[in-house]
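All residue numbers for the sequence shown refer to the numbering used here, where the first residue is 2 and numbers rise by one.
From the three backbone atoms N, C-alpha and C, an ideal C-beta is built for every residue, glycine too.
Below is one structure, written out as structure tokens; comments come after it.
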Amino acid sequence: MEDISYFDLVFAALILFLGLKGIINGFFKEIFGLIGIIGGIFVGTHYGHTLGKILDEAFLHFENDVAITFTGFIIVLAVFWLGMTYLGVIFTKISQKSGMAPIDRIMGMVLGGGKIFLLFSVIFYTLSNIAVVKSTFDTQLEKSLLYPLFCQTGDLIVQLDPQLMQDKVDQESQQLQEIIDTTVQERITQELESLPSTLSKENNNVAH
Numbered sequence: 002m003e004d005i006s007y008f009d010l011v012f013a014a015l016i017l018f019l020g021l022k023g024i025i026n027g028f029f030k031e032i033f034g035l036i037g038i039i040g041g042i043f044v045g046t047h048y049g050h051t052l053g054k055i056l057d058e059a060f061l062h063f064e065n066d067v068a069i070t071f072t073g074f075i076i077v078l079a080v081f082w083l084g085m086t087y088l089g090v091i092f093t094k095i096s097q098k099s100g101m102a103p104i105d106r107i108m109g110m111v112l113g114g115g116k117i118f119l120l121f122s123v124i125f126y127t128l129s130n131i132a133v134v135k136s137t138f139d140t141q142l143e144k145s146l147l148y149p150l151f152c153q154t155g156d157l158i159v160q161l162d163p164q165l166m167q168d169k170v171d172q173e174s175q176q177l178q179e180i181i182d183t184t185v186q187e188r189i190t191q192e193l194e195s196l197p198s199t200l201s202k203e204n205n206n207v208a209h
């Protein structure tokens, strides 16, 4: 029980301490940093595999498909996050000139803590998908309050299963192909049904 309490206390203290950095950064830097993390993860899970494939064919030449996906994911995440961070700097300068600095700093602390919490959530969710690590965590942190909360939150914002992503793409492609096939078939049927009438009209015109 003491070890479990230490885990919760340590990570709660880290969230609070690192969240205090939000006072220095301010609201806009923190909000854009948060958007950078969540948005980067979202974009990375959707386009990381595609980018990884391009880089792999160009010069990486990985033999492991998971490594390709992970590399693309990290690069997309980093680029998106850096872009959002730059926007945060711009908006912070605007808020300072408008006299909203105190509110900006208070809200920054709240968002700073939230961002760190989400970061820990992604880390522990990712680790919990490794069988050996998961079995250890489940045993050692059975009564922890924060660990299951980290995993549940991480599950909501990231899906790192390449096979699951590929299955989803294949399913959507199949549905699209079925719609196209159905539309084409209906069009062909309509044309065939209207063909006798069209030929009859042409024959009448020729007769006249």
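Own chain residues within Cβ distance below 7 Å of residue i, not counting five before or after
i: D9; result: S145, L146, L147
i: F29; result: G89, F92, T93, S96, D105
i: F12; result: F121, L147
i: I131; result: none
i: G49; result: T70, G73, F74, V77
i: K54; result: I69
i: T137; result: none
Rounded Cβ spacing between residue i and residue j (contact assumed at less than 8 Å)
i: V77; j: G34; result: Not a contact, Cβ separation roughly 17 Å.
i: F81; j: G37; result: 6 Å
i: G109; j: G27; result: 4 Å
Own chain, CB closer than 8 Å to residue i, minus 5 neighbours either side, in chain order
i: I117; result: L15, I16, L19, G20
i: M85; result: F33, G34, I36, G37, G40, G41
i: A59; result: none
Burial state of residue i (16 or more Cβ within 10 Å)
i: L157; result: exposed
i: I42; result: buried
i: L52; result: buried
i: D57; result: buried
i: N65; result: exposed
i: K98; result: exposed
i: H62; result: exposed
i: L142; result: buried
i: G155; result: buried
i: G23; result: buried
i: G114; result: buried
i: L119; result: buried
i: Y7; result: exposed
Close beta carbons around residue i, own chain, < 6 Å, minus the five adjacent residues each side
i: I32; result: L112
i: V134; result: L128
i: Q153; result: none
i: F151; result: F121, S122, F125
i: Y87; result: none
Per-residue DSSP class, three states only, for residue i
i: N130; result: coil
i: E143; result: coil
i: A13; result: helix
i: G20; result: helix
i: G27; result: coil
i: E3; result: Caution applies to E3, whose pLDDT of 49 falls short of 50 and renders its modelled position unreliable; the value that the coordinates give is listed next. The answer is helix: DSSP assigns E3 an H, G or I state.
Residue-chain proximity (residue i, chain B), Cβ-Cβ < 8 Å
i: G113; result: Among the chains in the structure shown there is no chain B, since it carries only a single protein chain.
What are the uninterrupted segments assigned as alpha helix (DSSP H) that are 4 or more residues long and contained completely in the region 32 to 67, given in chain order? none
Only counting runs of 4 or more residues, tell me where the alpha helix (DSSP H) segments fall wholly within the region 59 to 118, in order along the chain. 66 to 98
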